[in-house]
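Inspection log for the structure reproduced underneath, given as structure tokens.
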Ligand code: ADP
Ligand code: MG
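Residue numbers (our numbering): 43 to 324.
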């Protein structure tokens with residue numbers, strides 16, 4: 043694997059993912075959905091790339107491919123210059139420590155029957171270098187504290203927490219392997235607006251402290267503008283516009299981006315880069 047600095051942290055090369063739907067009649071071919079249709083993007087270490095687009099534009103498919111949960115139909119996903127599909131099962135397992143995911147739904151994504159400790163420590167189980175139970179607990183406590191929760195929350199269950207706190211737990215789980223990339227698929231979309239700001243601040247704060255990069259997916263251009271150095275706008279599986287979010291706010295060229303901007307309530311469209319929202323914990 044080539045070292046950092048020589049290749050982008052993440053590079054997508056002409057990525058496509060097609061799904062064949064069930065045939066609807068005997069005489070017609072099975073319909074093909076081009077969920078991703080030739081996407082090329084780069085993310086440099088330490089920076090954040092936003093993916094924005096309406097529902098069905100292919101954002102979650104992109105996330106699953108970056109996480110190697112699914113293989114592309116064609117094209118490549120390169121992590122530090124290495125094609126994930128070229129790795130053996132063992133090598134992919136080893137590489138997995140380097141990239142983690144946070145999902146949209148903080149209710150559905152945390153197993154209600156497991157303690158917070160088991161949920162947060164779970165990614166450690168998948169690693170090649172197993173740690174002891176005691177080390178797992180220590181690292182889970184460390185990750186919880188990093189997201190503003192307490193180590194005595196380890197023994198609790200997800201139902202004892204609010205939506206914002208659950209998303210903190212999900213972020214702690216993603217952090218525990220000390221990844222360089224976190225793929226966050228609509229991480230605040232299910233949260234109240236006031237709680238959204240707290241979670242976004244936390245993510246930026248963790249970036250400053252741990253040097254992680256985000257591939258930040260959202261249907262909300264304003265939210266992406268708060269977190270990302272660069273934004274790619276997706277429509278029908280393709281990138282239709284790309285650039286600095288503040289620039290896009292000022293002069294979006296593509297009509298689809300203009301439509302996304304028009305959907306932002308007035309004041310939020312004028313957000314500054316890296317805002318200083320009050321940093322209170324729930
Ligand atoms: P987004 O996350 O932007 O809402 P998705 O990536 O979930 O978009 O979906 C993009 C398109 O691909 C949609 O038309 C969706 O119905 C289709 N799609 C996604 N996953 C599958 C699948 N497993 N089988 C068939 N179609 C799929
Ligand atoms: Mg989605």
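Glycine is no exception: its CB is placed at the ideal position from the N, C-alpha and C atoms. All of these numbers come straight from a predicted model, not from anything done at the bench.
Query	Result
Let me know if residue 322 comes out buried or exposed under the rule of 16 or more other beta-carbons within 10 Å of its beta-carbon.	Unreliable placement is indicated for residue 322, whose pLDDT of 37 sits below 50; the coordinate value is still reported in the next sentence. Under this definition residue 322 is an exposed residue.
Please tell me whether, using a cut-off of 7 Å, the distance from the CB of residue 227 to the nearest non-hydrogen atom of the ligand FAD is below it.	In the structure shown, the ligand FAD is absent; the only ligands present are the ligand ADP and the ligand MG.
For residue 133, which beta-bridge partners are listed by DSSP?	Bridge partners of residue 133: none, in fact.
Closest by CA to residue 132, which one among 159, 116, 114, 171?	171
By Cβ distance below 7 Å, which residues in the same chain neighbour residue 88 in space, the five residues on each side in sequence not counted?	253, 255
Please work out which residues of its chain come closer than 6 Å, Cβ to Cβ, to residue 309, disregarding the five sequence neighbours upstream and downstream, and give them in chain order.	The pLDDT assigned to residue 309 is 43, lower than 50, so where the model puts this residue is not dependable; a value taken from the coordinates is nonetheless given after this. There are no such residues.
Any idea what DSSP makes of residue 52, helix, strand or coil?	strand
Can you tell me which of the three DSSP states residue 122 falls into?	coil
Just the Cα atoms here: how many angstroms apart are residue 270 and residue 70?	44 Å
Cα-Cα, which of 53, 179, 199, 122 is closest to residue 105?	53
Please return the same chain residues whose Cβ sits closer than 8 Å to the Cβ of residue 113, not counting the five positions on each side in sequence.	107, 127
Name the two residues that bound the continuous beta strand (DSSP E) containing residue 260.	255-260
Using only CA atoms, which one of 94, 173, 72, 57 lies nearest to residue 26?	In the structure as shown, the chain starts at 43 and stops at 324, and residue 26 therefore has no counterpart that could be examined.
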